[in-house]
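Since the structure comes first, as structure tokens, the remarks are kept for the end.
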Amino acid sequence: MKRLRVDAKHIPLLATAGVMVLMYVSGCIAFHDKNFSSLRVIVDLFGGNAFLGVAAVGATFVILSGGIDLSVGSVIAFTTIAVAAMVSKGLHPLPAMGLALLAGTAFGAGMGVLVAAFRIPPFLVTLTGMFFARGMGFVVHGLSIAIEHPFYQAVMRHGAIVVTRHAKTGAPAVQIPSWTICFLLVALAGAWAARYTRFGRNVYAIGSSEHSARLMGVPVTWTKVGVYALAGFCSALAGCVATLYMQSGNAASFVGSELDVIASVVIGGTLLTGGVGYVGGTVMGVLILSLITTLITNANISSWLTSVAVGILLLVFIVLQRVLARGQSAAA
Amino acid sequence: MTADAGAGIPIPHGAFVIGLWVALGAGLVACAIRRSRVSWALAALALLLLFNLFFTKDFFVIDLKPDADLRHWHYFGTLVDILNHGSKVMLLALGMTLVIATGGVDLSVGAVMALSATLTAQAVVAWGWPFWAGALMALAVALLAGAWNGLLVAGLGVQPIVATLILMVSGRGIAQLVSAGQIITFSDPSYTFLGNGHLFRLPFTLTLVVAMLVLTSLLTRATAVGLFVEAVGDNPTSSRYSGVSPRLVKFLVYSFTGLCAGLAGLIAASNVKSADANHCGLFLELDAILAVVIGGTALSGGRFSLIGSMVGALFIQTLTTTMYARNVSSDVAPVPKALAIIAVCLLQSEVLRQKVARALGRAPR
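In structure tokens:
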């Protein structure tokens, strides 16, 4: 008889999926009077933290490589204000976003050089990067700038995929907004890059054992620079996505987003020691974060509980990872 | 070199200032002779002070002025402000130095600050406790928070960044639960004295910092504890074989950092006479880590310098004050700070040193 065997490295991922399903089902049971099980709620779960998801895909690669990126929130904020400032100066949003993406990628690559070539600890480099990007955002503009451009209105009007329509009026009832589409595309691209490209395999190799990877001939330095550049790109893209639904830019926004990003990656089953994890898990982690927020809003309890709940989930998953790691080393 | 330059130009009056320069110069010379890593931090601080001597008006002027009730006379001036405002980072850096020396790091100190500040304010304002009871309770909770970090790191073997990240995420949430999301303002005289009062004509916080510094130095350097900490940071396995328990040492060090953060939180709240769970100690974990790094404690662990960290903290505070004096907005201030930190890290980077040495045609030491 063929037994169903579960690989140890899949256990965190299965735990994530279990937690997600459990939370969703309990939400459906507890709030059945509020239409919790409707299609709209599911679509909103993806849309609510779309920017977080985009940034988290980049952060997954960083954590897979054994590093960490604390600059995410600041880079997002910088991108929103930079795009808003350029658009308000008369530039079309598309080249403005292109420039912002370029800046984010270059910034990430710079941090990658400091980490990979100069061997400065990643958390220190990205911590100062967080300072730097936050300050640079204020250099661009100190206050919030509203974005008013036909392009943005067009994206708002035509950028969404309509899923269902009202039976009588024919007006869209449930639609997938442009930022959710962007999140899903980035997640797909990330999952593909992690699994099917040489870059992805190199990242896993470095995260498992940097020393062995080097001995095997993996270009460790360049791969690491690439990883941080990718994370910078994803953060900047998250900023562009955020401008879509904020319709404004603000250098003071997204304080602490890096923690949500790291939390969703870890809750998504990626080991913080590197080498083990999936982009798909990160997507589930983002959904779990959205679920927590939705549940707490529906239950009408203090929103401060959100961060406590995220902390507790983080703890559970980290302890789970430790227990698994010990079990593996004991078995080996 | 800086000491010479300092002697050559008219120094603003005040025995205090001259004393400071003499101490600084002497320290610099001593460290240069010993080739200690502290010399880098001292040199950076001296350069910054020198810059201010030339470019910031009245930077070194210290006045003896009466306070509001005209009965007590205190020293006032930018330097005194730096010492006063730097006290929080100095306290945090004390604990952080030991944590980093064991090869770890504590990201949760800012959140613990918010927790202890909010708890004390809530106890004093809402529950009507006397200040000492509220403060003791908050410090005990801060100690527990540190012990929790220690438990995760030492007991479960979780990476320090990750273990302390949990409390960094949820600590402020817990603080907001305590305060129901409100900013608690207070007027309790003891609580306000902590961050605004004076002792020996200088801010009271200074006495507190010096007391904690002396205590920590005695604890670590007059006993073998400091050696244990360095041994654990250097090589946990070999220290275990020589009879030092890395787990116990790490647990104690994280607990101590929690306590330091709690104390810093009380001062931070006292400074502004209100406890704001959202902003109390925000990003201060950064300043604390940077103070330790600038002070010459290696992030890889294995050796530490408490004095270096104090100099590092003063450097950061002086940098901040200098920027404010030059009308740099507090929002933009992180940019030069970040550049300075990266510069210091690059200076300390072994890779860069070897590359420079190779470029100069010398073999690396």
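Residue numbers (this note's numbering), protein chains in the order written: chain D, 132 to 463; chain A, 1258 to 1622. Each residue gets a CB set at the ideal place from its N, CA and C atoms; glycine is no exception.
Asked, Found
"In this structure, does DSSP put D/H342 in helix, strand or coil?", "helix"
"Hey, which unbroken runs of the beta strand (DSSP E) at 3 residues or more fall wholly within the stretch 1464 to 1501 of chain A?", "none"
"Provide the residue(s) that pair with D/G380 in DSSP beta bridges, ordered along the chain.", "D/I276"
"Give the residues of chain D in contact with A/S1427, contact being defined as C-beta atoms less than 9 Å apart.", "S438, V439, A440, V441, G442, I443, L445, L446"
"Sort A/T1477, A/L1609, A/G1343, A/S1527 by Cα distance to A/I1440 and report the nearest one.", "A/S1527"
"In the structure shown, what three-state DSSP assignment does D/Y155 receive?", "helix"
"Bridge partners for D/I207 per DSSP, in chain order?", "DSSP, once it has assigned bridges, lists no residue as partnering D/I207."
"Starting from A/T1554, follow the alpha helix (DSSP H) in both directions and report where the run begins and ends.", "Here A/T1554 belongs to no alpha helix (DSSP H), and DSSP marks it neither H nor E."
"Taking the beta strand (DSSP E) that D/V294 falls in, what are its first and last residues?", "292 to 296"
"Here's the rule: buried if 16 or more other CB atoms are within 10 angstroms of the residue's CB, otherwise exposed. What is D/V294?", "exposed"
"In chain A, which residues lie less than 8 Å from D/F269 when you measure between Cβ atoms?", "S1586, D1588, V1589"
"Three Cβ pairs or more, each shorter than 8 Å: is that satisfied between the stretch 1512 to 1525 of chain A and the stretch 1351 to 1371 of chain A?", "yes"
"What is the rounded straight-line gap between the Cα of D/N429 and the Cα of A/T1577?", "44 Å"
"For D/Q284, which of helix, strand or coil comes out of DSSP?", "helix"
"From the DSSP output, read off the bridge partner residues of A/T1359.", "Looking at the DSSP assignment, A/T1359 forms no beta bridge with any residue, so it has no partner."
"With a threshold of 8 Å on Cβ separation, who are the neighbours of A/L1459 within its own chain once the five nearest residues in sequence on each side are excluded?", "H1331, Y1332, V1337, L1340"
"Nearest-angstrom Cα distance between D/F330 and D/G239?", "17 Å"
"Taking 8 Å as the CB-CB limit, is D/V356 close to chain A?", "no"
"Quick one: does A/A1303 have its CB under 8 Å from some CB of chain D?", "no"
"Figure out for me which residue from A/G1538, A/S1566, A/G1558 has the closest Cα to the Cα of A/V1549.", "A/S1566"
"For the alpha helix (DSSP H) that contains A/S1373, what are its first and last residues?", "1366 to 1382"
"Tell me the rounded alpha-carbon separation between A/G1558 and D/F182.", "37 Å"
"Taking DSSP as the reference, what is the three-state secondary structure of D/P308?", "coil"
"Assign D/A302 to one of three DSSP states: helix, strand, or coil.", "coil"
"Using the Cβ count rule (16 or more neighbours within 10 Å means buried), how would you classify A/M1258?", "For A/M1258, the predicted model reports a pLDDT of 36, less than 50, meaning its position is unreliable and no value from the coordinates is stated."
"Please report the distance separating the alpha-carbon of A/L1470 from that of D/L153.", "50 Å"
"Does any residue of chain A have a CB that is nearer than 8 Å to the CB of D/I449?", "yes"
"Comparing C-alpha positions only, which one of A/A1432, A/A1395, A/L1401 sits nearest to A/D1533?", "A/A1432"
"According to DSSP, simplified to helix, strand and coil, what is A/H1536?", "coil"
"Give me the chain D residues within the contact set of A/K1530, using Cβ-Cβ distance strictly less than 8 Å, ordered along the chain.", "What A/K1530 touches in chain D: nothing, since even the nearest Cβ is about 23 Å away."
"Quick test of your reading: D/T425 and D/L195, contact by CB under 8 Å. State the CB separation rounded to the nearest angstrom.", "At roughly 28 Å, the Cβ-Cβ gap does not stay under 8 Å, so D/T425 and D/L195 are not in contact."
"By a C-beta neighbour count over all protein chains shown, 10 Å radius and 16 as the cutoff for buried, is D/I337 buried or exposed?", "buried"
"Report, in whole angstroms, the separation of the C-beta atoms of A/T1462 and A/S1344, which I expect to be a contact under 8 Å.", "4 Å"
"With 8 Å as the limit, tell me which residues of the stretch 267 to 301 of chain D have their beta carbon closer than that to any beta carbon of chain E; keep them in chain order.", "Note that chain E does not occur in the displayed structure, where the protein chains are D and A."
"Please identify, using Cβ separations under 8 Å, the residues of the stretch 203 to 231 of chain D that lie next to chain A, in order along the chain.", "none"
"Is the shortest distance between the beta-carbon of D/R345 and the beta-carbons of chain A less than 8 Å?", "no"
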